[in-house]
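For the sequence shown, the UniProt record's numbering gives the first residue as 1, with consecutive numbering after it. A virtual CB, placed ideally from N, CA and C, is assigned to each residue, including glycine. All remarks here apply to the structure that follows.
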Amino acid sequence: MITDLQQVYVDRYGDGDITPVEPAQFAPPLGHFLVGYLDGVPVACGGWRAHDEDPEEPLLPGDAEIKRMYVVDSARGRGLSRVVLAALERAAAEAGRTRMVLETGLRQPEAIRLYETSGYARIDNFGVYRHHPESLCFGKRL
Numbered sequence: 001m002i003t004d005l006q007q008v009y010v011d012r013y014g015d016g017d018i019t020p021v022e023p024a025q026f027a028p029p030l031g032h033f034l035v036g037y038l039d040g041v042p043v044a045c046g047g048w049r050a051h052d053e054d055p056e057e058p059l060l061p062g063d064a065e066i067k068r069m070y071v072v073d074s075a076r077g078r079g080l081s082r083v084v085l086a087a088l089e090r091a092a093a094e095a096g097r098t099r100m101v102l103e104t105g106l107r108q109p110e111a112i113r114l115y116e117t118s119g120y121a122r123i124d125n126f127g128v129y130r131h132h133p134e135s136l137c138f139g140k141r142l
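Laid out in structure tokens, this is it:
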């Protein structure tokens with residue numbers, strides 16, 4: 001699914017997600033990654049990683065950054081992104097995280113709509129997308 005997600009970024013933006021991501025960053029207690037299945041087939045995924053020691057503002061101690069949220073085309077329109085997002089928020093809160101943050105892009109209106117209707121508000125851009133004109137960052141207190 002991550003390969004498919006990267007292709008979505010290529011199709012929409014001309015390149016993949018350039019944010020450095022290591023699988024170990026999603027290991028508990030400083031991260032979490034989940035995969036959702038329908039009829040034994042993986043159809044949705046997403047994770048969060050802690051940002052306690054990141055000196056970049058507006059990231060704060062206690063933040064958890066959402067990464068790799070994705071639902072395969074054949075499973076879209078069933079509310080699975082909301083299920084994954086809610087599960088990530090629960091896991092982060094249970095791990096003591098106090099705020100979820102994320103980056104998405106202007107060419108992903110469905111993601112923007114998901115986050116805005118789930119209580120996320122715009123924050124200053126951060127990380128490798130800090131000065132990227134098509135990036136939008138969001139945050140939500142847990």
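From which residue to which residue does the alpha helix (DSSP H) around residue i run?
i	result
A86	L80 to E94
So the candidates are the options; which of them puts its Cα closest to the Cα of residue i?
i	options	result
L142	L88, A75 and D39	L88
H132	K140, R113, E116 and E103	E103
G47	Q108, V71, D15 and Q7	V71
D15	R113, F138, I112 and E134	E134
A91	Q6, D11 and F26	F26
V101	I123, P109, R82 and S118	I123
Q7	D73, P61 and A121	D73
T117	Y129, K140, A24 and R107	K140
V84	P61, L114 and R107	L114
Y129	D4, T19 and T3	T19
A93	E65, L80, R107 and Q108	E65
L34	L80, D11 and L60	L80
Q108	R78, L60 and L136	L136
State the CB to CB distance for the pair residue i and residue j, rounded to an integer number of angstroms; the pair is presumed to be in contact (CB under 8 Å).
i	j	result
D52	R99	Their Cβ separation, rounded to whole angstroms, is 12 Å, which puts D52 and R99 out of contact at 8 Å.
Y13	G105	6 Å
A111	P28	About 25 Å; that fails the 8 Å criterion.
Are residue i and residue j touching if we call contact CB-CB under 8 Å?
i	j	result
G31	A44	no
M1	P58	no
L38	A75	yes
R49	K67	yes
Segments of 3+ residues assigned as beta strand (DSSP E) that fall wholly inside the UniProt domain "N-acetyltransferase" (1-142): 31-38, 41-50, 63-71, 99-105, 121-123 and 135-141
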